[in-house]
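Numbering (our numbering), first residue to last: 13 to 357.
As structure tokens, then:
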């Protein structure tokens, strides 16, 4: 899948990230279904973000208490509501919801690629003049340390070299408070930005928009579940001509008890948390944290180590858009995971 108009070196980076997005979606979808089967142990809520602890707090808390603060736990009422949905006993139900979760996580990532491409505009920020219009963002090969334009020279760590002194996943976590302030008033506050040509502004915009997408997607997810109005666009399902819910699928959705407000509330809450996980894991794919699934499977770059990637101000639109390439790369992803023994989930 060549991404036309992108430098040859970048093409490999972009392809890896697109494949990783499919891996993340499928892996976390399975994890969510498994968590619903065992809600006491399988579900931790990380969204909205938890309060941070300073050193004094850590000195007076046990590890169990620290875990409870940093990783949200379901209440007894929420655990009972999830158990009432019957995921542990219903194989058909698990299959249907795995399919639904994949679809909505896919749509979430598709929206993010549209934002990177500049084919959709940010909802929470706007430019002051035409010159500052949102044109998307680039995915680039990291700069060598000696050419680091952020720190003015060689840096102490890859994080400083590639991301302007911070990892994207960390910046995403820290951006929640600002996002919450922006949406605390109706209509949403529109932040005036002089221009989007500065990398730091572009990254901040992407972080805020990711939260916006999570909120929109989690509300859409619950509305469509209640209305039984779900059509599938995920490439794997299109291959099987699964364009919408079958009658058996609809019966499985009805059986989870969506007439209960407690069930609706906790399911949307858990889904939003996993949307957060999807985007955090995707931002982590840009960073030097773990080698992505695709690295040892792409013949174009045999045996090459993962250098990470960099998000930068764009200033132009891709001739071949990432959101168009994302569905097409599914075939490569499916080919990779079908080769034993390396499987992501």
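Glycine included, each C-beta is placed from N, C-alpha and C at the ideal position.
Contacting residues, own chain, Cβ-Cβ under 8 Å from residue i (five flanking each side not counted)
{"i": "residue 248", "result": "114, 342 and 346"}
{"i": "residue 220", "result": "134, 136, 137, 187, 190, 191 and 194"}
{"i": "residue 290", "result": "36, 37, 40, 117, 120 and 121"}
{"i": "residue 184", "result": "219, 222, 291, 292 and 295"}
{"i": "residue 243", "result": "255 and 256"}
{"i": "residue 317", "result": "303 and 307"}
{"i": "residue 238", "result": "270 and 276"}
{"i": "residue 159", "result": "Low per-residue confidence applies at residue 159: pLDDT is 46, beneath 50, and the placement is therefore not dependable, though the value from the model is reported in the following sentence. None."}
{"i": "residue 258", "result": "none"}
{"i": "residue 250", "result": "244"}
Close beta carbons around residue i, own chain, < 7 Å, minus the five adjacent residues each side
{"i": "residue 96", "result": "269 and 275"}
{"i": "residue 286", "result": "40 and 44"}
{"i": "residue 283", "result": "230 and 233"}
{"i": "residue 126", "result": "132 and 335"}
{"i": "residue 278", "result": "90, 93 and 94"}
{"i": "residue 200", "result": "135, 136 and 194"}
{"i": "residue 112", "result": "242"}
{"i": "residue 152", "result": "22, 321, 322 and 324"}
{"i": "residue 210", "result": "325"}
{"i": "residue 25", "result": "151, 153 and 321"}
{"i": "residue 143", "result": "207"}
{"i": "residue 54", "result": "46 and 47"}
{"i": "residue 301", "result": "none"}
{"i": "residue 11", "result": "With the chain covering 13 to 357 only, the question about residue 11 has no answer from this structure."}
Nearest residue (CA-CA) to residue i, options the options
{"i": "residue 229", "options": "335, 49, 28 and 117", "result": "117"}
{"i": "residue 188", "options": "227, 207, 212 and 202", "result": "227"}
{"i": "residue 148", "options": "281, 129 and 307", "result": "129"}
{"i": "residue 273", "options": "92, 145 and 339", "result": "92"}
{"i": "residue 150", "options": "325, 58, 196 and 208", "result": "325"}
{"i": "residue 351", "options": "308, 74 and 140", "result": "308"}
{"i": "residue 202", "options": "245, 251, 139 and 210", "result": "139"}
{"i": "residue 108", "options": "297, 210, 317 and 260", "result": "260"}
{"i": "residue 181", "options": "215, 258, 207 and 271", "result": "215"}
{"i": "residue 337", "options": "54, 124, 58 and 60", "result": "124"}
{"i": "residue 196", "options": "106, 212 and 224", "result": "224"}
{"i": "residue 87", "options": "245, 33, 56 and 145", "result": "56"}
{"i": "residue 11", "options": "42, 264, 73 and 85", "result": "The question about residue 11 has no answer, for the chain in this structure spans 13 to 357."}
{"i": "residue 204", "options": "145, 104 and 264", "result": "145"}
{"i": "residue 105", "options": "73, 266, 281 and 333", "result": "266"}
{"i": "residue 281", "options": "212, 250 and 85", "result": "85"}
Residues sharing a beta bridge with residue i, DSSP
{"i": "residue 203", "result": "137"}
{"i": "residue 243", "result": "256"}
{"i": "residue 323", "result": "151"}
Contacts around residue i, its chain only, beta-carbon distance under 6 Å, and the 5 residues preceding and following it disregarded
{"i": "residue 306", "result": "28 and 31"}
{"i": "residue 262", "result": "240"}
{"i": "residue 299", "result": "179 and 320"}
{"i": "residue 236", "result": "242"}
{"i": "residue 59", "result": "284, 285 and 288"}
{"i": "residue 339", "result": "247"}
{"i": "residue 217", "result": "134 and 137"}
{"i": "residue 12", "result": "As shown, the chain starts at 13 and ends at 357. That puts residue 12 outside it, with no answer to give."}
{"i": "residue 264", "result": "104, 105 and 108"}
{"i": "residue 168", "result": "Here residue 168 scores only 41 on pLDDT, less than 50, and its place in the model is too uncertain to base an answer on."}
Near the ligand FMN: residue i beta-carbon under 7 Å from a heavy atom
{"i": "residue 29", "result": "The ligand content of the structure shown is nil, which means the ligand FMN is not present either."}
Residue i at chain D interface by Cβ criterion, 8 Å
{"i": "residue 36", "result": "Chain labels in this structure do not include chain D; a single protein chain is all it has."}
Note to self: Using 8 Å as the cut-off, can you tell me whether the region 46-57 makes contact with the region 87-104, which would need three or more C-beta pairs spanning the two stretches below that distance?
What the structure shows: yes
Checklist line | Whole runs of the alpha helix (DSSP H) within the region 258-290, excluding any shorter than 4 residues | finding: 259-266
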